[in-house]
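According to UniProt numbering, the sequence shown is numbered sequentially starting from 1. No residue lacks a Cβ here, since even glycine has one placed at the ideal position from N, Cα and C. Keep in mind the model is a prediction, meaning the values are calculated, not measured.
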Amino acid sequence: MNIISDIVGPADQPDLRNQLHRLEHVHAVDYLRLPRTELARRRFRGITDTGREIAIALPRDRQLFDGAVLAIDDSAALVVRVETEEWLRFIPRDTATALKLGYFAGNLHWRVRFEGEVLLIAVETETRVYLERLEPMLDAGDIRSDVPKEDDTP
């Protein structure tokens with residue numbers, strides 16, 4: 001098992017970008033795909049796209065990021081790729097409901113972001129878990145969502 005103890009640099013750094021481009025043409029770039037929530041971790045094991053097991057052991061002052069080059073030489077490279085995040089969209093009926101929804105999401109430690117009056121919740125477990133927790137607000141019409149209920153799907 002390879003142990004990675006530092007980050008070489010960002011993939012968009014000019015010299016690394018050129019080297020990666022050359023290696024991509026010969027299919028010699030391997031990727032470690034991580035959910036965004038894993039980027040803060042400094043010590044863990046992972047499996048690359050080619051099935052190689054690696055261990056990450058970064059110093060406290062280093063943090064992974066999308067495009068972090070973990071290893072590179074003339075014959076191969078390893079690059080971090082952050083998986084695309086899924087967000088659930090909820091539209092509150094009014095300001096009071098928006099506060100209630102925000103408070104509720106905060107108490108459950110859900111990661112959220114806002115787009116105007118829409119509250120987005122990062123999906124970090126099964127979608128049904130979020131919908132079940134929010135079911136009373138959804139059923140009462142306090143919030144709307146564009147996520148179909150399981151019994152609505154064909």
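Do residue i and residue j have their CB atoms nearer than 8 Å?
i	j	result
R36	V82	yes
A55	I3	yes
R128	L120	no
E85	A122	yes
R52	D30	yes
Give the DSSP bridge partners of residue i, in chain order.
i	result
F114	L119
E90	Sequence inspection shows Phe at residue 90; the Glu mentioned does not correspond to that position. DSSP lists L119 and S145 as partners of F90.
F44	I56
R128	The partner list for R128 (beta bridge, DSSP) is empty, contrary to what the question assumes.
Near residue i, what residues of its chain come up, given a Cβ to Cβ distance below 8 Å and the 5 sequence neighbours on each side ignored?
i	result
P59	S5, D6 and R42
Leaving out five residues before and five after residue i in sequence, what residues of the same chain have Cβ atoms less than 6 Å from its Cβ?
i	result
A71	L78
So, under 8 Å CB-CB, residue i and residue j are touching, yes? Tell me the CB distance rounded to an integer number of Å.
i	j	result
V69	G106	At roughly 36 Å, the Cβ-Cβ gap does not stay under 8 Å, so V69 and G106 are not in contact.
L64	L88	That pair is no contact at about 25 Å.
Do you know whose CA, among the options, lies nearest residue i's CA?
i	options	result
S75	V147, H21 and P136	H21
P136	K100, R111, E53 and V123	K100
Take residue i and list the residues in its own chain whose beta-carbon comes closer than 7 Å to its own, dropping the five residues that flank it on each side.
i	result
G141	R93
I91	E117, V118, I143 and R144
F104	none
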